[in-house]
Amino acid sequence: MKYLSAAVCAMAFFSVASFCHAGVIFGGTRIIYPADKNEVQLPIKNKDDDTRHLVQSWVSQPDGTKAPFIVTPPLLKLNEKQETILHIVYTGPKELTNDREKLFTLNIKTVANVPEQLQDKSRLQIAIHSQVKLFFRPQTFTQRDADTAWEKVTFSREGNMLRVKNPTPFFISFTSLTVGGKKTMPIDKTLTPAQALMVSPLSNMTMVIPTGATGSVKWSAINDYGGTTTEKMQPL
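Residue numbers for the sequence shown follow numbering that gives the first Met the number 0, so the first one is 0 and each next one is one higher.
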């Protein structure tokens with residue numbers, strides 16, 4: 000099982016003591032929620048040998064506003080080496096979307112229990128907020144179409160701009176997008192790499208081609224299981 004780690008080193012503030020903990024890990028870097036399912040599940044585990052964690056979980060829209068999901072349990076204590084399951088249930092209208100995927104965010108906030116030897120010392124306690132993409136997928140979509148969607152993306156060049164067209168109803172998240180072996184860059188420099196390299200369903204986006212880059216565009220993407228596809232090439 001592939002796990003994404005929410006690791007942290009929590010430093011004591013104005014204190015002679017400090018401690019680190021491996022943190023909470025959870026099963027998967029993305030979640031696919033088929034519309035015909037009653038729920039989806041996400042394994043979550045405390046890797047630490049000597050630290051308990053308080054875990055809060057909820058689903059939001061990408062902008063942080065409320066989303067039509069409940070997560071149970073919404074708040075839990077994970078003891079040392081304990082593993083459990085988060086149950087994610089959609090509570091919205093039956094037909095949220097028919098023609099394309101819709102993106103949500105699973106939020107997992109963890110706070111480590113303070114070891115007894117540090118409880119009487121000044122310290123800075125840190126809450127770790129991890130986010131996992133949740134894709135709500137219409138029930139008519141097939142797995143084969145999902146697996147091959149990344150291959151259907153097309154590209155065109157206009158000067159130093161790379162136009163990316165996604166004709167499919169699936170979100171495409173690139174792991175690599177290069178022209179002539181050089182990485183393309185987002186126009187909006189405030190975007191995170193994950194945001195910059197994801198094109199929405201049935202839409203276009205534009206990337207900046209580095210100066211002097213010529214030749215074909217090459218790309219690979221993240222599949223449903225969090226792995227990376229093979230690389231594909233298209234002449235420009």
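Think of the CB as a built atom: it goes at the ideal place given N, C-alpha and C, for glycine as much as any other residue.
In the DSSP assignment, Q55 falls within the beta strand (DSSP E) that extends over 52 to 59. Here P67 carries a coil assignment [DSSP, helix/strand/coil]. Within 10 angstroms of the beta-carbon of R143 lie fewer than 16 other beta-carbons, which makes it exposed. Each residue's CA atom was taken as its position, placing N37 and N159 some 47 Å apart. About 16 Å separates the beta carbons of I30 and K44, which is beyond the 8 Å limit, so they are not a contact pair. Contact between the segment 148 to 158 and the segment 181 to 192 is not established, with fewer than three Cβ pairs separated by less than 8 Å. Per DSSP, reduced to three states, the secondary structure at K231 is strand. The alpha-carbon of Q81 is positioned some 14 Å away from that of L41. A direct Cα-to-Cα measurement between F170 and T71 gives close to 26 Å. According to the DSSP secondary-structure assignment, V163 is paired through a beta bridge with F154, M204. In the DSSP assignment, A212 falls outside any beta strand (DSSP E), carrying neither H nor E. With 16 or more other Cβ atoms inside 10 Å of its own Cβ, N165 counts as buried. When C-beta atoms of the segment 185 to 193 are compared with those of the segment 79 to 97, fewer than three pairs fall below 8 Å, so the two segments do not count as touching. Straight-line measurement puts the Cα of G26 at about 10 Å from the Cα of V131. For P192, the enclosing alpha helix (DSSP H) begins and ends at 192 to 195. If you draw a straight line from the Cα of S202 to the Cα of T210, it comes to about 26 Å. Spanning the alpha carbons of S175 and L161 requires a straight line of approximately 14 Å. DSSP, read as helix, strand or coil, puts A111 in strand. Residues of the same chain with a CB within less than 7 Å of the CB of T227, apart from the 5 flanking positions on each side, are T174, S219, I221 in chain order.
By a beta-carbon distance limit of 8 Å, N106 contacts S59. Their separation comes to about 6 Å. In the structure shown, Q142 adopts helical secondary structure according to DSSP, grouped into three states.
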